[in-house]
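Undergrad: The structure follows.
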Amino acid sequence: MARVGIIGCGQTAFGRRSDATVQELAFEAWRAALADAGVEPDVVEATVVGSVPEYHKQRSLPGVIQEYLNLNPRPVWLTEAACASGSAALRTAWLEIAAGVHDVVAVIGCQKMTELETAEILALMGRVGDVQWESGFGTTFPGYYAMFARRHMHEFGTTSDQLAAVAVKNHHYGAANPKAMFRKEITVAKARASEEVSAPLSVYDCCANADGAACVILAGERAARAMGKDRVVWLDGMGCASDSMSVLRRTDLTGLPSARAAAAQAYAMAGVTAKDIQVADVHDCFTIAEIMAYEDLGFCGRGEGGPFIDARGSYIGGAHPVNLDGGLKAKGHPIGATGVSMTCEIVSQLRGECGPRQVPGASVGLTHNVGGIGQYCFVNVLRRD
Amino acid sequence: MFAWFGLVSFCPHTKVAGFAQHLKDGRLMGSRCDACGRVSFPPRADCPDCRGAEFTFTEYGGAGTVVTYTRIAAAPAGFEGRTPFTIGVVDLDEGGRLLAWCGETLPEAGLQIGQRVQVVPRLFEDCEEIKVHYTLEAPGTTWAKV
């Protein structure tokens, strides 16, 4: 199987973008990724788009994007795995190259969440769970993660202050990221004082809807070398797993079995263990999700996620710096773009381009992108040349 | 008929639609696979173990244990007027799991993981059309008493 690497990446700033269509956002990321790769569009043989269709008025988005990027008649389609749609697109592109079908493929993750009216968002919000047995009781995304948090607190003694500490860290690093939606520091006291969303989670435990796009350009090793690329970041470990849609079928309410399965695959394929991961971007859609990610990825033991953030284990200088781009919490979460944006961040970290939020000398990094409440999880290990 | 189930229904058509009729009559039903005998809650028509296509409803007593819960303040469309409301997930003694609102006999202030509860079939009395659901109540609470 051919080794596949990332030769270029780019993304828009995340936030409310009332000035642009979703394909215009995609073009910004595409332009930046081409410039970063130092290639012209003619080398790109195919495109894969990761996005969640319910948020856009435009149906069948990849058709519009491929046209606007001026890439017809090259192949394109959509991948959907809820909030992990971007990583699903990345995996599809990786498969296309690893299988020997293409040499160079572009991955576009994009989402314009503010296109919907509040009433439409509230209606969508009511259909995140199993609509047959759960949605009739008014369940919400924060509601499910709140129930994970409540169980985690019960079993391991995790506290609301520890959840807030995750938000404080992510805002701290987000403040230094020019692409982030929220660029200001917060305190535990401010986070704890915010309005309740779904107990025990409050506003500062939750990421925000956003608009944005990200693009990475993948190439097989032979093609990358033939083009003279010498700062490639390789996709050396690719893990992917699923779990039940319904919380009623979950065997574990304090972690995501799909994340543990995906991590095991990615570590085995890359020939690394958790302790080798020098920088990670994980799916902190809610603060409890980052605590569970520390544990599911093996950065600390089961139930030790709270003490791990207390000991600043996920800060620069800690054992496993996490979400130095601000995470979903401060960077914003345009759902289809997120997995691709995580990949951009880790590529930048491994190339040493992150300035004040750089992990010195990092050569092995990880992305962890969750769809829904763990129905889908993609964990990838990236390594620099 | 399954459109009766839940305050908002997204799913009127299902092979287990009879569940809602039973609930209206005060019975909580799981399913038993006619081929292998596997019991499921929520009920399902197609057996995940033996792939059998025939099933029979089987009545549940509805006693169980709270495994987690939350109080929802920011509600989706159709639930705005009812906030805040508390939902809990319950492991049923007879197997399977259920998610429901906490009823009047189970105030959120005293709610705890591990607490014993009784699942009770309910009608929405403030709805004009037939709307059924179930609530989590204190042990010993019966359909007739709520």
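Chains as they are written, first to last, in this note's numbering: chain U, -13 to 371; chain H, 300 to 445. Note that the Cβ used here is the ideal one computed from N, Cα and C, for glycine as well.
1) Which partner residues of U/Arg(-11) appear in the DSSP bridge assignment?
2) Kindly indicate which three-state DSSP category H/Trp442 falls into: helix, strand or coil?
3) Could you tell me the alpha carbon to alpha carbon distance between U/Val251 and U/His269, rounded to whole angstroms?
4) What distance in whole Å lies between the Cβ atoms of U/Ala67 and U/Gly357, which are believed to be in contact at a cut-off of 8 Å?
5) So with CB distances below 7 Å, who are the chain H contacts of U/His140?
6) Enumerate in chain order the residues of its own chain whose CB-to-CB distance from U/Val457 is below 6 Å, with the five nearest sequence positions on each side excluded.
7) To the nearest whole angstrom, what separates the beta carbons of U/Val219 and U/Leu368, a pair I think is in contact under 8 Å?
8) Would you say U/Ser373 faces chain H, with C-beta separation under 9 Å as the test?
9) Would U/Arg343 and U/Leu310 qualify as a contact pair, given that the criterion is a beta-carbon distance under 9 Å?
10) Nearest to H/Leu322 by CA position, among H/Val338, H/Ala437, H/His432, is which residue?
11) Rounding to the nearest angstrom, what Cα-Cα distance links U/Gly351 and U/Phe364 in this structure?
12) Return the first residue and the last residue of the beta strand (DSSP E) that U/Met224 is part of.
13) Are the CB atoms of U/Gly36 and U/Ile94 nearer to each other than 9 Å?
14) In chain order, what residues of the same chain lie with their CB nearer than 6 Å to the CB of H/Glu393, ignoring the 5 residues before and after it?
15) For the pair the segment 113 to 128 of chain U and the segment 316 to 333 of chain H, tell me if three or more CB-CB distances fall below 8 Å.
16) Is it the case that the Cβ atoms of U/Ala200 and U/Cys(-5) are separated by a distance below 9 Å?
17) Is the separation between the beta-carbon of U/Phe272 and that of U/Ala135 shorter than 9 Å?
18) Would you say U/Thr100 reaches chain H, if we count a Cβ-Cβ gap shorter than 9 Å as a contact?
19) How about H/Trp400: is its C-beta nearer than 9 Å to some C-beta of chain U?
20) Determine contact between the segment 300 to 313 of chain H and the segment 326 to 341 of chain H, defined as no fewer than three beta-carbon pairs at a distance below 8 Å.
21) Mapping the DSSP letters down to three states, classify U/Lys315 as helix, strand or coil.
22) From the DSSP output, in three-state form, read off H/Ile412 for me.
23) Of all the residues that make up the segment 237 to 263 of chain U, which are near chain H by a beta-carbon distance shorter than 8 Å?
24) Per DSSP, what kind of secondary structure is U/Tyr253 in: helix, strand or coil?
25) Could you have a look at U/Arg136 and say whether DSSP puts it in helix, strand or coil?
26) Quick one: measure Cβ to Cβ for H/Val416 and H/Pro383, integer angstroms, because I've assumed they're closer than 8 Å.
27) Going by DSSP, what residue range makes up the beta strand (DSSP E) through H/Cys401?
28) State the beta-bridge partners of H/Ile371 as determined by DSSP.
29) Per the DSSP calculation, U/Ala70 is bridged to which residue(s)?
30) For the alpha helix (DSSP H) holding U/Lys176, just list the boundary residues, first then last.
31) Could you compute how far the alpha carbon of U/Leu221 sits from the alpha carbon of U/Asn366?
32) In the structure shown, what three-state DSSP assignment does U/Leu102 receive?
33) Please list the partners that H/Gly305 has in chain U, where partner means a Cβ-to-Cβ separation under 8 Å.
34) Whose C-beta lies closer than 6 Å to the C-beta of U/His157 among residues of the same chain, with five residues either side of it excluded?
35) What runs of the alpha helix (DSSP H), each 4 residues or longer, lie entirely inside the segment 12 to 68 of chain U?
36) How close, in whole Å, do the beta carbons of H/Thr364 and H/Val338 come, if the pair is a contact with beta carbons under 8 Å?
TA: On the basis of the supplied data:
1) By 1-based counting over the first sequence, the position of residue -11 of chain U is 3. Its beta-bridge partners do not exist; DSSP assigns none.
2) Position 143 of the second sequence, counted from the first residue, corresponds to residue 442 of chain H. Three-state DSSP puts H/Trp442 in a helix.
3) Indexing the first sequence from 1 puts residue 251 of chain U at position 265. Indexing the first sequence from 1 puts residue 269 of chain U at position 283. The amino acid at residue 251 of chain U is misidentified as Val; the sequence shows Gln. If you draw a straight line from the Cα of U/Gln251 to the Cα of U/His269, it is about 18 Å long.
4) Here residue 357 of chain U corresponds to residue number 371 of the first sequence, with the count starting at 1. Here residue 67 of chain U corresponds to residue number 81 of the first sequence, with the count starting at 1. Taking C-beta atoms under 8 Å as the contact rule, U/Gly357 and U/Ala67 qualify, at a distance of about 4 Å.
5) Position 154 of the first sequence, counted from the start, is the residue given in the question as residue 140 of chain U. Listed along chain H are Ile412, each with a C-beta nearer than 7 Å to that of U/His140.
6) Since the first residue shown for chain U is -13 and the last is 371, residue 457 of chain U is missing from the structure and cannot be characterised.
7) Counting from one through the first sequence, the residue named residue 219 of chain U turns up at place 233. Counting from one through the first sequence, the residue named residue 368 of chain U turns up at place 382. The Cβ separation is near 5 Å, so the contact holds.
8) In the structure as shown, chain U begins at -13 and stops at 371. Residue 373 of chain U is therefore absent and cannot be evaluated.
9) Here residue 343 of chain U refers to the residue found at position 357 of the first sequence. Here residue 310 of chain U refers to the residue found at position 324 of the first sequence. Closer than 9 Å, so yes.
10) Within the second sequence, residue 322 of chain H is the residue found at index 23, counting from 1. It is H/His432.
11) Position 365 of the first sequence holds residue 351 of chain U. Position 378 of the first sequence holds residue 364 of chain U. Cα-Cα distance, rounded: 14 Å.
12) Numbered from its first residue, the first sequence carries residue 224 of chain U at position 238. Bounds of the beta strand (DSSP E) holding U/Met224 are 219 to 228.
13) For the purposes of this step, residue 36 of chain U is identified with residue 50 of the first sequence, where counting begins at 1. For the purposes of this step, residue 94 of chain U is identified with residue 108 of the first sequence, where counting begins at 1. Result yes, Cβ atoms of U/Gly36 and U/Ile94 sit closer than 9 Å.
14) For the purposes of this step, residue 393 of chain H is identified with residue 94 of the second sequence, where counting begins at 1. Closer than 6 Å at the Cβ level, and outside the excluded window around H/Glu393, lie Tyr359.
15) With contact defined as three or more Cβ pairs closer than 8 Å, the segment 113 to 128 of chain U and the segment 316 to 333 of chain H are not in contact.
16) Start at 1 with the first residue of the first sequence, and residue 200 of chain U comes out as number 214. Start at 1 with the first residue of the first sequence, and residue -5 of chain U comes out as number 9. Yes.
17) If you number the first sequence from 1, residue 272 of chain U lands on position 286. If you number the first sequence from 1, residue 135 of chain U lands on position 149. Yes, they are a contact pair.
18) Here residue 100 of chain U refers to the residue found at position 114 when the first sequence is read from its first residue. So, not an interface residue.
19) Numbered from its first residue, the second sequence carries residue 400 of chain H at position 101. True, the Cβ-Cβ gap to chain U drops below 9 Å.
20) Contact between the segment 300 to 313 of chain H and the segment 326 to 341 of chain H is absent, because fewer than three Cβ pairs lie under 8 Å.
21) Your numbering for residue 315 of chain U matches position 329 in the first sequence. U/Lys315 falls in the helix class under three-state DSSP.
22) If you number the second sequence from 1, residue 412 of chain H lands on position 113. Looking at H/Ile412 - three-state DSSP - the assignment turns out to be coil, as it is neither helix nor strand.
23) Against chain H - using a Cβ distance shorter than 8 Å - the residues of the segment 237 to 263 of chain U are Leu239.
24) Locating residue 253 of chain U in the first sequence gives position 267, counting from the first residue. Of the three classes helix, strand and coil, the one that applies to U/Tyr253 here is helix, per DSSP.
25) Position 150 of the first sequence, counting from 1, holds the residue named residue 136 of chain U. Correct three-state label for U/Arg136: helix.
26) By one-based count along the second sequence, residue 416 of chain H stands at place 117. By one-based count along the second sequence, residue 383 of chain H stands at place 84. About 19 Å separates the two Cβ atoms, so there is no contact after all.
27) Against the second sequence, residue 401 of chain H aligns to sequence position 102. Per DSSP, H/Cys401 belongs to the beta strand (DSSP E) from 396 to 401.
28) Counted from its first residue, the second sequence places residue 371 of chain H at position 72. In the DSSP output, where bridge partners are listed per residue, H/Ile371 has U/Ser184, H/Phe384.
29) Position 84 of the first sequence, counted from the first residue, corresponds to residue 70 of chain U. In DSSP, U/Ala70 forms no bridge with anything.
30) One-based indexing of the first sequence puts residue 176 of chain U at position 190. First-last of the alpha helix (DSSP H) with U/Lys176: 174 to 178.
31) The residue labelled residue 221 of chain U in the question sits at position 235 within the first sequence. The residue labelled residue 366 of chain U in the question sits at position 380 within the first sequence. Each residue's Cα considered, the two are about 7 Å apart.
32) Here residue 102 of chain U is taken as the residue at index 116 of the first sequence, counted from 1. DSSP places U/Leu102 in the coil class of the three-state scheme, outside both helix and strand.
33) By 1-based counting over the second sequence, the position of residue 305 of chain H is 6. Chain U residues near H/Gly305: Ser121, Gly122, Phe123.
34) By one-based count along the first sequence, residue 157 of chain U stands at place 171. Excluding its 5 nearest sequence neighbours in each direction, U/His157 has C-beta neighbours in its own chain below 6 Å: Glu171, Ile172, Ala316, listed in chain order.
35) 47 to 54
36) In the second sequence, counting from the first residue as 1, residue 364 of chain H sits at position 65. In the second sequence, counting from the first residue as 1, residue 338 of chain H sits at position 39. With a Cβ gap of about 18 Å, H/Thr364 and H/Val338 do not count as contacting.
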